[in-house]
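Residue numbers (this note's numbering), protein chains in the order written: chain G, 1 to 149; chain D, 1001 to 1149.
2 protein chains.
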Amino acid sequence: MTSTQTRTDAGLANGLRISVSRLARRLRVERAGDLAESGLSDTQITVLAVLERKIAMSPGELAEHEKVQPPSMTRVITALEERGLVQRAPHLTDRRQVVLTVTDEGKRLVNQLRRRRDAWLAMRLRGLTQQERETLRAAAPILEKLSQA
Amino acid sequence: MTSTQTRTDAGLANGLRISVSRLARRLRVERAGDLAESGLSDTQITVLAVLERKIAMSPGELAEHEKVQPPSMTRVITALEERGLVQRAPHLTDRRQVVLTVTDEGKRLVNQLRRRRDAWLAMRLRGLTQQERETLRAAAPILEKLSQA
DNA sequence: TATTGTTATACTCTATAACTATA
DNA sequence: TATAGTTATAGAGTATAACAATA
């Protein structure tokens, strides 16, 4: 299975899809420990991380961004707020809207989780040759581009 | 975000983790349509695909492979059997065990889903330069290696 | 009348605990 | 007594429908 044919373009699509999906799955499994330890669900962590980067989003924007329905996002936000990780505040001009921001404690947690997630992969990367790391360095932005709309 | 620092080794881990996770997520979203259309859940499709490649596995082996508990796998298998996609048969020597095989209809469905999943990525790959595709061709087996234990 | 967000409720998937059959 | 699988039951997460407040 490791040597999936990637010579043809169709073969490349198949091989790349499998290897990317498999590594992503492994990354998820590796962070499962942190997930359990933090007591937050997968979506909760993702939302917290999004908010930490792009500040002051509304629940509606977040729901669309994360491809979940608004009521589901309400529950996620409520859970995060009860843990003191995010804060709801009224919108300045439109009082129907809610503005969300990450608390200092939320920021601390996000950065802690982020570092831990990178740690596993960084360790595995050290087991590669210099040449292989160069290849991945070149591939990363291309993978990023592929995922964009 | 696209130009995540990948120059340092720590930066590479972070950039690679993000790009791989994001593309995998995109691949999941893109196949969500097929998933809904087939009426099968994510795990059901995965199990069917595993069985189609490595024939005659037992429920217990599958549960371990997919990192779910045995009762969960029982439900997955039952659902697939009711759809006529897999078949349960008694083990030849140990009558406690169950042997699973994919039916012809199951094989047809797996191959159909597989082709459709590759189609989206193949289309995106055609939008890259020849040079970029070469880089990904070189990267795929390295990503595969990273995900191995 | 349209929108933003929430509450009420139901469904899907997975887990733990208890049980049956076989080794 | 241990193992393979199943049944019974509960919990987590998300969805749809109905509702409240504001534009």
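Note that the Cβ used here is the ideal one computed from N, Cα and C, for glycine as well.
- Using a CB distance below 9 Å, the part of the region 47 to 81 of chain G facing chain D consists of R53 and K67, ordered along the chain.
- Listed as beta-bridge partners of D:V1102 by DSSP are D:V1086.
- For D:T1103, there are no C-beta contacts with chain G under 8 Å, since the nearest C-beta of that chain is about 23 Å from it.
- At least one beta carbon of chain D lies nearer than 8 Å to the beta carbon of G:D118.
- In the DSSP assignment, G:K145 falls within the unbroken alpha helix (DSSP H) covering Q130 to S147.
- For G:N14, the chain D residues whose Cβ falls inside 7 Å of its Cβ are D1118, in order along the chain.
- The region 1002 to 1051 of chain D is shown to contain whole alpha helix (DSSP H) runs of 4 or more residues at 1009 to 1038, in chain order.
- Taking a Cβ-Cβ threshold of 7 Å, the residues of chain G close to D:L1143 are S19, V20 and L23, in chain order.
- Distance from the CA atom of G:G106 to the CA atom of G:L85, rounded to whole angstroms, is 4 Å.
- The Cβ-Cβ distance between D:R1022 and G:S147 falls below 8 Å.
- Closest in C-alpha terms to D:L1143, from the list G:S19, G:T135 and G:L27, comes G:S19.
- Residue pairing for G:M57: DSSP places it in a beta bridge opposite G:L100.
- With a threshold of 16 other beta carbon atoms within 10 Å, G:N111 falls short and is exposed.
- C-alpha of G:L16 to C-alpha of G:V29: approximately 20 Å in a straight line.
- Linking D:L1109 to G:N14 through their CA atoms gives a straight-line distance of about 17 Å.
- A Cβ-Cβ distance of about 41 Å is found for the pair G:L12 and G:A56, leaving them out of contact under the 8 Å criterion.
- For the 8 Å CB-CB criterion, D:V1098 and D:P1059 form a contact.
- In terms of beta-carbon proximity, D:E1030 stays away from the interface with chain G, with every pair separated by 8 Å or more.
- Going by C-alpha positions, G:L35 is about 42 Å away from D:T1093.
- The three-state secondary structure of D:D1118, taken from DSSP, is helix.
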